[in-house]
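To convert a position in the sequence shown, counted from 1, into the numbering used here, add 104.
We put the CB at the ideal spot given by N, CA and C, even for glycine.
Remember, predicted model here, so these are calculated numbers, not experimental data.
This report concerns only the one structure given below.
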Amino acid sequence: MRKSVLISALALWISGVPALALSDPAFGLWLTEDARAIVEISPCSDKACGRIVWMDEPFHEDGSPKVDLNNPEERLQSRTLCGIPLVGDFVREQPGSWSGGFVYNPKDGKKYEAKITALSNDQLEMRGFVLVPAFGQSQTWTRVQDARGGCTG
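See below:
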């Protein structure tokens, strides 16, 4: 048993992901405040990032997937919204508190500076802003246990 724990810790150290970060309260599946998407936040290298893993309406009436039409990069305008990176580049300040990252708004195609704060085990504050947090807007996301069938269901 002790040998397997040591090997796991060594593998994490080699991969560059701090062992404590794997159990960070900000990681998991989060239902956005408007209940229209679930975002999975997880470690990516030594930072935190997240992508949309479920949407309440991932398809248009004709059955075609909704795409990132408002993205300023033309090459990204055809990617489906379900699965896109929505948050990223967050640096851990302390358990449950991350800063220096971004949140992407597919409605206007813009990235905003952001910070993440775990309010409790089941609630997360996502604050997007321009220049300083005082010039921003917060949303409270709620932890969910599964991705409701993912992007296809």
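**Prompt:** For threonine 184, which residues from the same chain have a beta carbon less than 8 Å from its beta carbon, with the 5 sequence-adjacent residues on both sides left out?
**Reply:** Numbered from its first residue, the sequence shown carries residue 184 at position 80. Correct list, in chain order: Pro162, Pro169, Lys170, Val171, Asp172, Cys255.
**Message:** Please return the same chain residues whose Cβ sits closer than 7 Å to the Cβ of aspartate 226, not counting the five positions on each side in sequence.
**Reply:** Numbered from its first residue, the sequence shown carries residue 226 at position 122. Cβ within range, chain order: Thr246, Arg247.
**Nearest candidate by alpha-carbon position, reference serine 146, set Ala218, Ala238, Asn209, Phe194** = Within the sequence shown, the letter at position 42 stands for residue 146. Out of Ala218, Ala238, Asn209, Phe194, Phe194 has the C-alpha closest to the C-alpha of serine 146.
**Prompt:** Nearest-angstrom Cα distance between arginine 140 and serine 201?
**Reply:** Counting from one through the sequence shown, the residue named residue 140 turns up at place 36. Counting from one through the sequence shown, the residue named residue 201 turns up at place 97. Taking the straight line joining both Cα atoms gives about 24 Å.
**Message:** Counting C-beta neighbours from all protein chains within 10 Å, is the total for arginine 155 16 or more, i.e. buried, or is it exposed?
**Reply:** Position 51 of the sequence shown holds residue 155. It is buried - the Cβ of arginine 155 has at least 16 other Cβ atoms within 10 Å.
**Item:** DSSP three-state assignment for alanine 125, whether helix, strand or coil
**Value:** Counting from 1 along the sequence shown, the entry for residue 125 is found at position 21. Low confidence applies here, because alanine 125 scores a pLDDT of 45, under 50, leaving its location unreliable; read the following figure in that light. Of the three classes helix, strand and coil, the one that applies to alanine 125 here is helix, per DSSP.
**Asked** Where leucine 223 and proline 199 are concerned, what is the direct C-alpha to C-alpha distance, given to the nearest angstrom?
**Response** Counting from one through the sequence shown, the residue named residue 223 turns up at place 119. Counting from one through the sequence shown, the residue named residue 199 turns up at place 95. About 11 Å.
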